[in-house]
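First up is the structure itself, then whatever we jot down about it.
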Amino acid sequence: MRVRVRLQPRASRDEIVGWSDDGSLRVRVTSAPERGKANLQLLRLLAATLGMSRGRLRIVAGERSREKVIDIDGDEGEVLAALSGAQRGGSR
Numbered sequence: 194m195r196v197r198v199r200l201q202p203r204a205s206r207d208e209i210v211g212w213s214d215d216g217s218l219r220v221r222v223t224s225a226p227e228r229g230k231a232n233l234q235l236l237r238l239l240a241a242t243l244g245m246s247r248g249r250l251r252i253v254a255g256e257r258s259r260e261k262v263i264d265i266d267g268d269e270g271e272v273l274a275a276l277s278g279a280q281r282g283g284s285r
């Protein structure tokens, strides 16, 4: 499945903020947006939240943008439930 993500680099902490009105997932990471650091941290956070290896996620659009599309190799219902449950202080 594919998920649209709005990434905020250089945040005070790594967190999944929640779903935006436009349907994208808002995520904050502490890494800077240089040499792929923020992208790597985004994939690490999503993989940990979903309980899967980072290799099952990949950025298919927006590598150099805040707006990204992530391809996730997993059951759509389980992925959406895990991401929704991880919003600001939810179970991670």
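Going by our numbering, the first residue of the sequence shown is number 194, and it counts up by one from there. Just so you know, even glycine gets a beta-carbon here, dropped at the ideal spot from N, CA and C. The model shown is predicted, which means the values in this text are computed figures rather than measured ones.
{"Item": "Residues near residue 269 by beta carbon distance below 7 Å, same chain, minus five either side", "Value": "194"}
{"Item": "Any alpha helix (DSSP H) of 4 or more consecutive residues that is wholly inside the region 218-285", "Value": "230-243, 269-278"}
{"Item": "Residues near residue 237 in its chain [Cβ-Cβ closer than 7 Å; skip 5 each side]", "Value": "247"}
{"Item": "Contact check, residue 260 vs residue 199, beta carbons under 8 Å", "Value": "yes"}
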